[in-house]
Ligand code: PGA
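Numbering (the numbering used here), first residue to last: 93 to 348.
Structure representation (structure tokens):
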């Protein structure tokens with residue numbers, strides 16, 4: 093097992109017109125460059141996932157900085173008659189390194205099944221992107237005590253064969269914690285991550301090395317506590333990633 097580098101990834105969702113997004117990205121890039129020049133801390137991996145419309149401009153704004161670019165979704169096919177969709181290779185061409193697939197907002201709002209998510213992850217891999225595959229139980233599933241079974245099923249059905257630490261990151265995001273201000277407790281997060289790690293190790297030779305992030309109302313105030321939970325390799329951050337100070341505080345909480 094190699095040491096898993098922490099990753100703090102910001103999911104801007106459907107927020108950010110051009111000027112706003114470029115300003116935020118440039119501010120983050122400046123902080124990252126200063127931190128590197130300072131040399132005092134070792135930064136974690138950092139990614140921002142803006143809306144598709146501003147990927148190119150945000151990519152330029154963070155160019156030459158240690159911040160990587162990510163997209164929020166891709167289509168499962170490489171090209172063709174898919175009006176409005178975006179192929180993984182198109183994202184790679186814009187210098188994306190990551191693409192989120194299977195976010196619960198897409199599973200719920202666009203009817204994406206585990207099979208669709210898996211096909212998207214495969215498309216991401218074909219294009220040389222790192223797929224950030226999201227899993228997480230609903231409030232009802234947790235209440236019914238089925239959460240560990242649900243995330244195990246999602247992991248097994250959403251990950252394509254050939255997943256490896258170099259091409260895949262898993263994000264555990266309990267649906268009831270996303271955008272609600274509710275956090276899973278440290279014990280809940282630890283239990284879910286332990287379970288996911290076991291499933292990953294059964295599923296892939298690289299299972300011990302694949303990073304597993306936590307997402308769901310992670311913010312500057314709770315980041316240190318979440319990152320201290322055994323098995324948590326970073327955070328996928330929604331709301332708090334829109335605030336430069338908050339997101340940067342989370343990056344620093346993950347740095348060593
Ligand atoms: P949140 O979103 O941090 O706003 O809860 C997390 C996510 O959806 O990835």
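Yeah, the Cβ is synthetic: ideal placement off N, Cα and C, and Gly gets one too.
From a predicted model like this one, the values you see are computed outputs, not experimental measurements.
Distances between the C-beta of residue 344 and the heavy atoms of ligand 1 are all 7 Å or more. A straight-line Cα-Cα distance of about 23 Å links residue 219 and residue 98.
Look at residue 206 here: in three-state DSSP terms it is helix. Taking 8 Å as the upper bound for CB-CB distance, residue 247 and residue 196 are not in contact here, some 14 Å apart.
Per DSSP, residue 302 is not a residue of any beta strand (DSSP E), being assigned neither H nor E. Measuring C-alpha to C-alpha distances from residue 212 to each of 249, 121, 96 and 233 identifies 249 as the nearest. Each of 277, 285, 168 and 284 was checked against the Cα of residue 217, and the nearest Cα belongs to 168. DSSP lists no beta-bridge partner residue for residue 311. Taking every protein chain shown into account, the CB of residue 228 has 16 or more other CB atoms within 10 angstroms, so this residue is buried. Here the stretch 306-322 makes no contact with the stretch 288-298; the two share fewer than three CB pairs at distances below 8 Å. The stretch 250-258 and the stretch 306-314 do not touch, with fewer than three beta-carbon pairs separated by less than 8 Å.
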